[in-house]
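Q: After the structure tokens below, expect a handful of questions from me.
4 protein chains.
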Amino acid sequence: MNGNRFGRLFQIATYGESHGPSMGVVISGCPAGLEIEQAAIQEELDRRKPGQSHISTSRDEPDRVEIQSGVQDGFTTGTPIGLTIQNKDARSGKYEPFITAPRPSHGDFTYSAKFGTRNWGGGGRSSARETVNWVAAGAVAKQILAHEGIEIRAHVSRIGDVESPPVTFEAMGEHTEDTDVRCAHPETAAEMREVTEKYQKHGDSIGGAVSFEIQGVPRGLGAPRFEAVEARLGKAMLSVPATTAFEIGLGRDAATVSGLDRNDEWEFDENDDPTPIENDHGGVEGGITTGEPIYGEVTLHAPTSIPSKQTTVDWESGEEKTVQVTGRHDPVLPPRAVPVVEAMAALTITDFMLLSGRINPDRLDGQPGEYDTDYHPSRPE
Amino acid sequence: MNGNRFGRLFQIATYGESHGPSMGVVISGCPAGLEIEQAAIQEELDRRKPGQSHISTSRDEPDRVEIQSGVQDGFTTGTPIGLTIQNKDARSGKYEPFITAPRPSHGDFTYSAKFGTRNWGGGGRSSARETVNWVAAGAVAKQILAHEGIEIRAHVSRIGDVESPPVTFEAMGEHTEDTDVRCAHPETAAEMREVTEKYQKHGDSIGGAVSFEIQGVPRGLGAPRFEAVEARLGKAMLSVPATTAFEIGLGRDAATVSGLDRNDEWEFDENDDPTPIENDHGGVEGGITTGEPIYGEVTLHAPTSIPSKQTTVDWESGEEKTVQVTGRHDPVLPPRAVPVVEAMAALTITDFMLLSGRINPDRLDGQPGEYDTDYHPSRPE
Amino acid sequence: MNGNRFGRLFQIATYGESHGPSMGVVISGCPAGLEIEQAAIQEELDRRKPGQSHISTSRDEPDRVEIQSGVQDGFTTGTPIGLTIQNKDARSGKYEPFITAPRPSHGDFTYSAKFGTRNWGGGGRSSARETVNWVAAGAVAKQILAHEGIEIRAHVSRIGDVESPPVTFEAMGEHTEDTDVRCAHPETAAEMREVTEKYQKHGDSIGGAVSFEIQGVPRGLGAPRFEAVEARLGKAMLSVPATTAFEIGLGRDAATVSGLDRNDEWEFDENDDPTPIENDHGGVEGGITTGEPIYGEVTLHAPTSIPSKQTTVDWESGEEKTVQVTGRHDPVLPPRAVPVVEAMAALTITDFMLLSGRINPDRLDGQPGEYDTDYHPSRPE
Amino acid sequence: MNGNRFGRLFQIATYGESHGPSMGVVISGCPAGLEIEQAAIQEELDRRKPGQSHISTSRDEPDRVEIQSGVQDGFTTGTPIGLTIQNKDARSGKYEPFITAPRPSHGDFTYSAKFGTRNWGGGGRSSARETVNWVAAGAVAKQILAHEGIEIRAHVSRIGDVESPPVTFEAMGEHTEDTDVRCAHPETAAEMREVTEKYQKHGDSIGGAVSFEIQGVPRGLGAPRFEAVEARLGKAMLSVPATTAFEIGLGRDAATVSGLDRNDEWEFDENDDPTPIENDHGGVEGGITTGEPIYGEVTLHAPTSIPSKQTTVDWESGEEKTVQVTGRHDPVLPPRAVPVVEAMAALTITDFMLLSGRINPDRLDGQPGEYDTDYHPSRPE
């Protein structure tokens, strides 16, 4: 049963296990004529990369992306883009105790129950290492969106009981990368770090959340109801490992807000177009974008890999067992999830831009049926 | 751009506008041999039906479902099931003021901006009337799931600041239908009714939430990561008009819970199979079901149609305008959303049962390749 | 298992059995702003309709299409179009002998073997009556294509040993409807009628073929390799009941032609664009359209319903049996298949026009994000 | 615009250009527990490989497949299988003359017109080198089918005017690989070789056809009408570069056969099940398999790359030009297309086996929900 594909016109298909030879993603439907900056893809991978600080796993992966197809002389050709990333630092030995004795709240048992077997090294296919593929593909999507004036930013809005005050889009651009907790509000970032270290010191871990905002989205994206923008964004985010909630606009708090308070009245903008005066709706009305920023929040539960002693059962021996997960693990997920959330938003919005005809599916610039070779250089000097 | 299809193997495609001649849904992929009780479909439609009490719209629709195909002598034949529901009580006149002057926080402007036009009567395609199709199809799905021992229940867990204490699955079965607010906790139901009437009296409306629980789901459903059970369920629920949050398991609260607290340790069940001791995970680990109940919550914002005066602009006249939405509207959405949430859960889980091979896609009972005519009666006496 | 959906962006989902209450089709993805002429849909249905002459079945169906949604004041709104056609003249009694004794070369046994049951009246779902849905949807697609300057024509090119000489696109426009055999070459039409009547008189039937040509297709459609134009067209045509061959360009004869003979050299056209000098390639090179006419042929085997005595077995009694299929049946299929072939071509090319960005998926004219209500009239006078 | 994906439950997504670093294919939906013989994949690739004889291109590619994921200890794990094949012997220089001067009947112009650019080296994405991905994935599918007792064989049935007499399934198994023309009828093979060399000697090329037969298919596969077995098989085969016709059963010849002649009467088989006495229907009735062998033919036009002088135009210089295609090219396609046709048949039938529930989508053997680690060895000794 397959679940490794995402998107309708801008599609990805991924492969790879935590401890296999390589990870890979095939991007289908990227229009021709996009100037691909490999460095920009790499930069996103570096943000997601393990080993960035002592509050993230110390696994050492260079995570070098290699472009196998679909790009020529630095520009996309409209044909499938193959990206691969080698796996280097795999130490499977540590996972042997869990082959038939599932770690609490991991996918160990569910994978084995579903398939009768599983690749157990490093969590195999269920490892969050899979998200390296998403970030690589999302980096391509981000470059398309940049071309269209659309930008996506995210930051860590909650860790445990520490909640960031609302931050502006500009603040996210400036401050998210300031610290390894990736909260764009510097004082809160310091607190978050503190609380994380407290849990880490006790052999424990803690949950949190990532806020995102998307600016520059034109009005008219989305196909109600089953392809409503919030439905597709929600699916994207709830695919991220460890996600337990997706909220858009006022989110869960909308339950306590009255219609009069939440309703956004209309005024004319500088082009004499109707525009909502406020944005309690989160950029989507009736499943379709209004042109206002889309914003929301994604909650991630505490990492399930913790060094404390826990109880499990061994289905081979039929005995109860104590396990300790002593690998290299993050004590909190949101900091490394920030680029993943951005990537999934980018993949979703790019797909909508294609589906709505805002981006031509064959070529980013120029008219269909033109064949100018100067469109981008492809001939040897 | 199309967005009226849901599901991979158990699929629906819908049509219909609020004030058009009929609503309709084509169900594809329903296995043969299911005994269809038309009364059971009708019962679900009656739950969703407008005009049930003075806290719901007084629009009077009999909502009689007519089976056009795919069922013979009361059993499905494995071919597409066409269901239609006539629209009867459409009074479009009241919607004329909004043709070029969008109601606050409705889809009026976004539909017009997307398509350049829209069916404006009664909200047209953006009306929640569309969900009658979902409930009809969901009723078929529920009958399949009942055959497999899977049951879905929901109730209203929040209206404004009034929050229901947790209720059992049994309580939902017994008490949800007791009152028109559909909260399974009787005392809370009374409070919810009170708070709703307070908003209604002031020409306002209020938000709320629906909790759902699914029991009897086998372990092994779901296809990580993009077809993870929570991702698909989330997409289903975020397709419901007015949804602003989807939560699974601990949901948003998972942010404040530590790994040690949230992790569910393993024990053996009565069949000597590993089973989680608790269910903080909400029935899904690694995107795949554990066999524990799946539970979560869906938040719906306050109805946007309120009789109070609000400001908008008329894009034809170029002038500001005051609007009052005086149609027949619900002051709160969750009570009527309960059967819709159940329907979307049923459609999603049925699809997963087919995708995992737990239900044979061609016939509910019997082996592929058998052709016994006694499988169900189809011959005239 | 579902197989009633066709298309990616311009999609249809159908329902209905030969002797059920109605046939229906949901069209998703039709852009807004198309002026729908209901009479034009009806005209296509009338071409397909049974009872047109004594060489077609005498079943009497008025085949009146009813538009349920997606059209307002004569223009599409961009939302799903629901079309229904009532079944009137169903006489199931004649089919009772075949419930457990399958007719030779019909789907009786395969449907029963697959689903364990079947709707046996009139062939149920396996009846060619299903194609009424396709022709209705195809008529909408044809109106989109007409708006883009694309036209599709077909005629009967072979019946038994009688083969039509090649005819021009113009001849197909002028003469196809001249006779009930629908061959655009009048002398051949007379011969075809003669040979058909000969088989009919002997209680037999005969095979034949339909040629089609598509003009006005822009260059650049198609997505190699699995969405190559010929692959998608082939799938469309091989969905038509009784089809045994699909050919494009030189088709089967290409096997005996050398590269030098078949290769089409290039010249400049009036716009100084490269254009193939000849069209042995059939309008598609490398899976992508060249701008030349697309042409091909579809072979349909002889109707399997014949009044002559044939042998079968009854799986209930376990005995051999003689059957005679005495219903109302066509002695040859291509004449009534002409509008079906045209419809399937129209659905396919419309989908490609959307997929390539040549037609905006949201609205036929105007720019995305515009909301002019004068786009088409939708307000009561 | 994407067109690199095939299949619904057993899906492939491919990438790669003729002269890029590597070709690759991601297989999604392969059940767990299949013993993968890498040698068997390699064997199929070797059959397709260039440079096998002087009637095929002399390009020298070792075509070593590397398994990147989804297989552990020789068995599939149910997760995506990544396969890559390095490109070694790329000599792009020869293709420079054609950058703006399209070769007759190649995809040079159509790709450039569609995307505004193209990877021109070796034909880039339009090269038949892409089929290496299909053969690799098809080899996996073949191993699944072998496990279910289904076997696919093909051979060259026509080259130019030389037509093979019908051969048995056994003959195809024994003789197809005897010669480099891959005709299972030895005398005809000799003639075919002769005629091919004649064309080759004159700087020309010639068309031909491949016949295929599939045995062991259970009755009940296929989902009429748009997923009819012949529709899906046709799409598969018409995706193969250079295909101009697809026929099933009597194919094109069915036009001249009467209903009485073609209709297949029924008898009881050894299990007292109805079975067609003959197989003029080609294994499919009403779009669903009867259990009889599926057979058909695929026509491929003459290779378009020929060393003779041909005329084209250069869209940059605006001048007419003479081209000679002097690379390493096959003078006839069917011999190397044999494994490609088999692969596409295997991918299609495997998908149908999953879609019909005949193969469990999660695991090849065992029951859903079992988690026995002895299912296959995955633990270090």
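Protein chains in written order, with my numbering: chain X, 1 to 381; chain H, 1001 to 1381; chain E, 2001 to 2381; chain Z, 3001 to 3381.
C-beta: ideal position from N, C-alpha, C; glycine also.
1. Could you tell me whether the Cβ of residue 95 (chain X) comes closer than 7 Å to any Cβ of chain Z?
2. Taking the alpha carbon of residue 3098 (chain Z) as the reference point, which residue from Z:3346, Z:3351, Z:3310 has its own alpha carbon closest?
3. Short check: CB of residue 1009 (chain H) to CB of residue 1233 (chain H), under 7 Å?
4. Tell me whether the beta-carbon of residue 127 (chain X) lies closer than 7 Å to the beta-carbon of residue 1264 (chain H).
5. So the beta strand (DSSP E) residue 3276 (chain Z) belongs to, where does it begin and stop?
6. Measure from the alpha carbon of residue 1318 (chain H) to the alpha carbon of each residue in X:269, X:303, X:362, then state which is nearest.
7. Can you list, in chain order, the residues of its chain whose CB lies under 6 Å from that of residue 5 (chain X), leaving out five sequence neighbours each side?
8. Which residue spans inside the stretch 1133-1199 of chain H form an unbroken beta strand (DSSP E) run of at least 3?
9. Closer than 7 Å between beta carbons: that is the criterion. Which residues of the stretch 304-317 of chain X meet it against chain H?
10. Run the CB neighbour count on residue 3277 (chain Z), radius 10 Å, all protein chains shown included, and call it buried at 16 or more, exposed below.
11. Kindly identify the DSSP beta-bridge partner or partners of residue 3086 (chain Z).
12. Nearest-angstrom Cα distance between residue 19 (chain X) and residue 3080 (chain Z)?
13. Given a cut-off of 7 Å, decide if residue 3292 (chain Z) and residue 3286 (chain Z) are closer than it, judged by their beta-carbon atoms.
14. Keeping to the same chain, check which residues put their C-beta closer than 6 Å to that of residue 3028 (chain Z); ignore five residues upstream and five downstream.
15. Listing by chain order, which chain E residues have their CB less than 7 Å from the CB of residue 219 (chain X)?
16. Quick one, are the C-beta atoms of residue 3308 (chain Z) and residue 2260 (chain E) less than 7 Å apart?
17. Using a threshold of 7 Å, state whether the C-beta atoms of residue 2158 (chain E) and residue 3301 (chain Z) are closer than that.
18. Thinking C-beta only, is residue 1346 (chain H) closer than 7 Å to residue 1134 (chain H)?
19. Using CA atoms only, rank isn't needed, just tell me which of X:141, X:139, X:136, X:101 is closest to residue 123 (chain X).
20. Which of the three DSSP states, helix, strand or coil, is assigned to residue 2227 (chain E)?
21. Which parts of the stretch 280-357 of chain X are runs of the alpha helix (DSSP H), unbroken and 4 residues or longer, counting only runs that do not cross its ends?
22. Determine, for residue 1199 (chain H), whether the minimum Cβ-Cβ distance to residues of chain X falls below 7 Å.
23. By how many angstroms is the C-alpha of residue 3068 (chain Z) removed from the C-alpha of residue 73 (chain X)?
24. Counting only the same chain and skipping the five closest in sequence on each side, list residues whose C-beta sits under 7 Å from that of residue 3052 (chain Z).
25. Specify, as a first and last residue, the run of the alpha helix (DSSP H) that residue 1040 (chain H) falls within.
26. Using a Cβ cut-off of 8 Å, pull out every chain E residue sitting near residue 3250 (chain Z), in sequence order please.
27. Check the Cβ of residue 34 (chain X) against every Cβ in chain E and list those closer than 8 Å, keeping chain order.
28. Determine the closest residue to residue 3204 (chain Z) out of E:2209, E:2256, E:2170, with distance taken between C-alpha atoms.
29. According to a CB-to-CB cut-off of less than 7 Å, which residues of the stretch 113-141 of chain X neighbour chain E?
30. So that I know if they touch, is there some Cβ in chain X lying closer than 7 Å to that of residue 2211 (chain E)?
31. Would you verify that the beta carbon of residue 2069 (chain E) is, or is not, closer than 7 Å to some beta carbon of chain X?
32. Can you confirm whether the stretch 2196-2214 of chain E touches the stretch 2323-2342 of chain E when touching is taken to mean that 3 or more C-beta pairs between the two stretches lie within less than 8 Å?
33. If I follow the unbroken beta strand (DSSP E) through residue 1014 (chain H), where does it start and stop?
34. Using 7 Å as the threshold, is the C-beta distance between residue 1216 (chain H) and residue 1149 (chain H) below it?
35. So what's residue 2130 (chain E) in DSSP terms, helix, strand or just coil?
36. Alpha helix (DSSP H) containing residue 3259 (chain Z): first to last residue?
A: Per the coordinate set shown:
1. Translated into the one-based positions of the first sequence, residue 95 (chain X) becomes position 95. Contacts with chain Z at 7 Å (Cβ-Cβ) do not include residue 95 (chain X).
2. Here residue 3098 (chain Z) corresponds to residue number 98 of the fourth sequence, with the count starting at 1. Nearest C-alpha to residue 3098 (chain Z): Z:3310.
3. In the second sequence, counting from the first residue as 1, residue 1009 (chain H) sits at position 9. In the second sequence, counting from the first residue as 1, residue 1233 (chain H) sits at position 233. In this structure, residue 1233 (chain H) does not lie closer than 7 Å to residue 1009 (chain H) by Cβ.
4. As a working note, residue 127 (chain X) is residue 127 in the first sequence. As a working note, residue 1264 (chain H) is residue 264 in the second sequence. Not closer than 7 Å, so no.
5. On the fourth sequence, position 276 is the one that residue 3276 (chain Z) refers to. That run of the beta strand (DSSP E) goes 3274-3276.
6. One-based indexing of the second sequence puts residue 1318 (chain H) at position 318. It is X:269.
7. Within the first sequence, the letter at position 5 stands for residue 5 (chain X). Excluding positions up to five away in sequence, the list reads 13.
8. Positions of the beta strand (DSSP E) runs, each at least 3 residues long and wholly inside the stretch 1133-1199 of chain H, are given as 1151-1159 in order along the chain.
9. Residues 304, 306, 308, 310, 311, 312, 313, 315.
10. On the fourth sequence, position 277 is the one that residue 3277 (chain Z) refers to. Exposed is the call here.
11. Within the fourth sequence, residue 3086 (chain Z) is the residue found at index 86, counting from 1. Paired residue(s): Z:3022.
12. Taking the first residue of the first sequence as 1, we reach residue 19 (chain X) at position 19. Taking the first residue of the fourth sequence as 1, we reach residue 3080 (chain Z) at position 80. Looking at the two C-alpha atoms, the distance is approximately 14 Å.
13. Counting from 1 along the fourth sequence, the entry for residue 3286 (chain Z) is found at position 286. Counting from 1 along the fourth sequence, the entry for residue 3292 (chain Z) is found at position 292. With a cutoff of 7 Å on beta-carbon distance, residue 3286 (chain Z) and residue 3292 (chain Z) are scored as not near each other.
14. Residue 3028 (chain Z) sits at position 28 when you count from the first residue of the fourth sequence. Residues 3011, 3080 of the same chain have their beta carbon placed closer than 6 Å to that of residue 3028 (chain Z), with the five preceding and five following residues left out of the count.
15. Numbered from 1 along the first sequence, position 219 holds the residue referred to as residue 219 (chain X). Neighbours of residue 219 (chain X) on chain E, chain order: 2369.
16. Here residue 3308 (chain Z) is taken as the residue at index 308 of the fourth sequence, counted from 1. Here residue 2260 (chain E) is taken as the residue at index 260 of the third sequence, counted from 1. Closer than 7 Å, so yes.
17. For the purposes of this step, residue 2158 (chain E) is identified with residue 158 of the third sequence, where counting begins at 1. For the purposes of this step, residue 3301 (chain Z) is identified with residue 301 of the fourth sequence, where counting begins at 1. No, the pair does not count as a contact, with Cβ atoms beyond the cut-off.
18. Reading the second sequence from its first residue, position 134 is the one you call residue 1134 (chain H). Reading the second sequence from its first residue, position 346 is the one you call residue 1346 (chain H). Judged by their CB atoms, residue 1134 (chain H) and residue 1346 (chain H) are not nearer to each other than the 7 Å cut-off.
19. Counting from 1 along the first sequence, the entry for residue 123 (chain X) is found at position 123. Of X:141, X:139, X:136, X:101, the residue nearest in Cα terms is X:101.
20. For the purposes of this step, residue 2227 (chain E) is identified with residue 227 of the third sequence, where counting begins at 1. If DSSP states are grouped into helix, strand and coil, residue 2227 (chain E) belongs with the strands.
21. Listed in chain order, they are 334-355.
22. Position 199 of the second sequence, counted from the start, is the residue given in the question as residue 1199 (chain H). For residue 1199 (chain H), the closest Cβ of chain X is nearer than 7 Å.
23. Counting from one through the first sequence, the residue named residue 73 (chain X) turns up at place 73. Counting from one through the fourth sequence, the residue named residue 3068 (chain Z) turns up at place 68. Roughly 27 Å between the two C-alpha positions.
24. Here residue 3052 (chain Z) corresponds to residue number 52 of the fourth sequence, with the count starting at 1. Excluding residues up to 5 positions away in sequence, 3180 lie with their Cβ nearer than 7 Å to the Cβ of residue 3052 (chain Z) in the same chain.
25. Looking up residue 1040 (chain H) in the second sequence gives position 40. Start and end: 1038-1048.
26. The residue given as residue 3250 (chain Z) occupies position 250 in the fourth sequence. Those within 8 Å of residue 3250 (chain Z) in chain E are 2244, 2301.
27. Against the first sequence, residue 34 (chain X) aligns to sequence position 34. Neighbours of residue 34 (chain X) on chain E: none; closest Cβ ~15 Å, over 8 Å.
28. Position 204 of the fourth sequence, counting from 1, holds the residue named residue 3204 (chain Z). Residue E:2256 is the option with its Cα nearest to residue 3204 (chain Z).
29. Cβ contacts with chain E: none found.
30. Position 211 of the third sequence holds residue 2211 (chain E). Taking 7 Å as the threshold, the shortest C-beta distance from residue 2211 (chain E) to chain X does not fall below it.
31. For this step, residue 2069 (chain E) is matched to residue 69 along the third sequence. At least 7 Å separates the CB of residue 2069 (chain E) from every CB of chain X.
32. Yes, since at least three Cβ pairs between the stretch 2323-2342 of chain E and the stretch 2196-2214 of chain E fall closer than 8 Å, the two stretches touch.
33. As a position in the second sequence, residue 1014 (chain H) is number 14, starting the count at 1. Residues 1011-1015.
34. Taking the first residue of the second sequence as position 1, residue 1216 (chain H) is located at position 216. Taking the first residue of the second sequence as position 1, residue 1149 (chain H) is located at position 149. Cβ distance < 7 Å, so residue 1216 (chain H) and residue 1149 (chain H) count as in contact.
35. The sequence position of residue 2130 (chain E) within the third sequence is 130, counting from 1. The answer is helix: DSSP assigns residue 2130 (chain E) an H, G or I state.
36. For this step, residue 3259 (chain Z) is matched to residue 259 along the fourth sequence. Note, residue 3259 (chain Z): alpha helix (DSSP H), 3259-3262.
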